[in-house]
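Undergrad:
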Amino acid sequence: MCCARASIALAGLLLAAMLPWTASAAEIRVFAAASLREALDEQVRQFEATTGNSVVVSYGGSNALARQIDAGAPADVFLSADLEWMDYLTLHHRIATGTRAVLLRNTLVLVAPKSSTVKLAIVPGVALAAALGDGKLAMANPESVPAGKYGKAALETLGAWPSVERQVARTENARAALVLVARGEAPLGIVYRTDALAEPSVRIVGAFPVDSHPPVVYPAAVIAGSSAPAAATALLDALRSPSARLVWEKHGFGVAQ
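Just so we're aligned, residue 236 is where the sequence shown starts under our numbering, counting upward by one.
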């Protein structure tokens with residue numbers, strides 16, 4: 236009987252010890268640029284294991300995600316692939332004051348299917364149209380999606396945009412452009428370096444000069460009116476930690492200083 240009472244008491248103590256942790260657990264809803272998928276998924280798994288919080292990530296083009304947030308979609312954190320769409324939400328008072336910061340950096344590359352033998356020097360006057368032939372250039376929509384805007388700016392700087400504009404296959408984000416190249420449906424595509432590293436069916440033909448387009452940066456912020464502001468802030472802090480840096484860099488990102 237004594238042992239039974241002791242076991243019951245111990246079970247009660249263990250349950251009591253777990254209750255505060257369970258009660259403090261929160262669900263954090265993250266809207267993130269599609270190019271962050273593999274690296275952010277790994278960061279999220281570590282954060283959930285450490286804190287007990289649950290993180291639900293919706294990936295997509297930064298433009299579409301920002302508009303959804305502005306329209307009232309429930310979100311706690313926004314990770315954008317450029318400054319413009321974070322500025323858009325800031326202007327519309329959707330960003331929690333004092334939480335915005337540049338988190339990551341990336342580079343822009345030209346990719347081809349793994350089996351392709353195309354060689355191309357990405358310099359002023361690049362013969363991109365000749366390399367495409369009758370094929371399409373896969374890239375995110377240059378009018379609204381960050382990767383597409385960076386790509387168009389780079390091609391304009393290099394003098395290649397007028398010759399290839401009509402051959403652009405516009406996609407909703409850089410990952411969709413990557414898929415077209417990986418499947419061989421487009422002979423060339425413009426994506427982030429991290430996208431290319433995540434897809435074994437493509438190879439990098441070359442990198443665009445960093446001064447040919449605006450810097451590729453990823454700002455992050457907590458959304459105003461978040462239902463879990465403390466947990467959302469904790470997640471952003473975790474994404475800026477030394478251990479997080481190792482994960483980002485493993486996936487090819489540069490970490491903002």
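Glycine residues also receive a C-beta, built at the ideal position from the N, C-alpha and C atoms.
These numbers come from a predicted model, not from an experiment.
Check whether the segment 260 to 268 and the segment 344 to 359 touch, using three or more Cβ-Cβ pairs below 8 Å as the test.
TA: The segment 260 to 268 is not in contact with the segment 344 to 359.
Undergrad: With distance defined between alpha-carbon atoms, name the residue in Arg-418, Ser-462, Leu-390, Glu-277 nearest to Leu-343.
TA: Taking the sequence shown and counting its residues from 1, the one referred to as residue 343 is at position 108. Looking at the Cα atoms, Leu-390 is the closest of the given residues.
Undergrad: Compute the beta-carbon to beta-carbon distance between Arg-340 and Thr-325, rounded to the nearest angstrom, for a pair I have assumed lies under 8 Å.
TA: Here the question's residue 340 lines up with position 105 in the sequence shown. Here the question's residue 325 lines up with position 90 in the sequence shown. Their Cβ separation, rounded to whole angstroms, is 20 Å, which puts Arg-340 and Thr-325 out of contact at 8 Å.
Undergrad: How big is the Cα-Cα spacing for Pro-359 and Asn-376?
TA: As a working note, residue 359 is residue 124 in the sequence shown. As a working note, residue 376 is residue 141 in the sequence shown. Rounded to whole angstroms, Pro-359 to Asn-376 spans 23 Å at the Cα level.
Undergrad: Would you identify the three-state DSSP class for Leu-481, choosing helix, strand or coil?
TA: Translated into positions along the sequence shown, residue 481 becomes position 246. Leu-481 falls in the helix class under three-state DSSP.
Undergrad: For Phe-266, name the three-state secondary structure that DSSP assigns.
TA: On the sequence shown, residue 266 is found 31 positions in, with the first residue counted as 1. Residue state, collapsed to three classes: strand.
Undergrad: Which residue from Asp-276, Lys-384, Gly-287 puts its Cα closest to that of Trp-483?
TA: Your numbering for residue 483 matches position 248 in the sequence shown. When only C-alpha atoms are compared, the closest one is Asp-276.
Undergrad: Going by alpha carbons, who is nearest to Ala-455 out of Thr-286, Asp-322, Arg-280?
TA: Counting from one through the sequence shown, the residue named residue 455 turns up at place 220. Comparing Cα-Cα distances from Ala-455 to each of Thr-286, Asp-322, Arg-280, the minimum goes to Asp-322.
Undergrad: Around the Cβ of Asp-317, are there at least 16 other Cβ atoms within 10 angstroms (buried) or fewer (exposed)?
TA: The residue you call residue 317 lines up with position 82 of the sequence shown. Flag for Asp-317 reads buried.
Undergrad: Where in the segment 358 to 421 do unbroken runs of the beta strand (DSSP E), each at least 3 residues long, occur, reported from the N-terminal end onward?
TA: Entirely contained in the segment 358 to 421, the beta strand (DSSP E) runs reaching 3 residues are, in chain order, 372 to 375, 403 to 406.
Undergrad: Under three-state DSSP, which class holds Cys-237?
TA: Residue numbering aside, residue 237 sits at position 2 when the sequence shown is read from its first letter. Confidence at Cys-237 is low in this model, with a pLDDT of 45, below 50, so its placement is unreliable and the value that follows should be read with caution. Reduced to three states, the DSSP call for Cys-237 is helix.
Undergrad: Is the CB-CB distance between Leu-314 and Leu-271 below 7 Å?
TA: Taking the first residue of the sequence shown as position 1, residue 314 is located at position 79. Taking the first residue of the sequence shown as position 1, residue 271 is located at position 36. Contact: yes.
Undergrad: With DSSP run on the structure shown, which of helix, strand or coil describes Leu-338?
TA: The residue given as residue 338 occupies position 103 in the sequence shown. It is a strand residue.
Undergrad: Quick check on Arg-475: does DSSP put it in helix, strand or coil?
TA: Taking the sequence shown and counting its residues from 1, the one referred to as residue 475 is at position 240. Coil.
Undergrad: Taking Cβ to Cβ, would you say Leu-367 is nearer than 7 Å to Leu-413?
TA: As a working note, residue 367 is residue 132 in the sequence shown. As a working note, residue 413 is residue 178 in the sequence shown. Contact flag unset, no.
Undergrad: Taking the alpha-carbon of Val-445 as reference, which of Glu-262, Tyr-385, His-328 has the nearest alpha-carbon?
TA: Along the sequence shown, one-based indexing puts residue 445 at 210. Minimum Cα distance to Val-445 is reached at Tyr-385.
Undergrad: Kindly confirm or deny that the segment 278 to 291 and the segment 300 to 310 touch, where touching means at least three C-beta pairs closer than 8 Å.
TA: Cβ pair count under 8 Å is below three, so no.
Undergrad: Indicate the three-state DSSP secondary structure (helix, strand or coil) for Ala-289 in the structure shown.
TA: In the sequence shown, counting from the first residue as 1, residue 289 sits at position 54. One detail in the question is off: residue 289 reads as Ser in this sequence, not Ala. Looking at Ser-289 - three-state DSSP - the assignment turns out to be strand.
Undergrad: From this set, Ala-411, Ala-469, Leu-481, which residue's C-alpha is nearest Ala-260's C-alpha?
TA: Working through the sequence shown from its first residue, we reach residue 260 at position 25. Nearest option by C-alpha distance: Ala-469.
Undergrad: I'd like the list of long-range same chain contacts for Gly-441, defined as Cβ closer than 8 Å, with 5 residues on each side in sequence excluded.
TA: Looking up residue 441 in the sequence shown gives position 206. Counting only Cβ-Cβ distances below 8 Å, and skipping sequence neighbours, we find Val-344, Leu-345, Leu-355, Ala-356, Ile-357.
Undergrad: Given Ile-304, which residues of its chain have a CB within under 7 Å of its CB, disregarding the five upstream and five downstream residues?
TA: For the purposes of this step, residue 304 is taken as the residue at position 69 of the sequence shown. Cβ neighbours of Ile-304 beyond the five flanking positions: Phe-266, Ala-310, Phe-313, Leu-324, Arg-329, Ile-458.
Undergrad: When you compare only the Cα positions, how much space is there between His-486 and Leu-363?
TA: Along the sequence shown, one-based indexing puts residue 486 at 251. Along the sequence shown, one-based indexing puts residue 363 at 128. If you take the alpha carbons of His-486 and Leu-363, they lie about 28 Å apart.
Undergrad: For a test of the three-state rule: what should DSSP assign to Leu-318, helix, strand or coil?
TA: Indexing the sequence shown from 1 puts residue 318 at position 83. The answer is helix: DSSP assigns Leu-318 an H, G or I state.
Undergrad: DSSP on Ala-442, reduced to helix/strand/coil?
TA: In the sequence shown, counting from the first residue as 1, residue 442 sits at position 207. Ala-442: strand per DSSP, three-state reduction.
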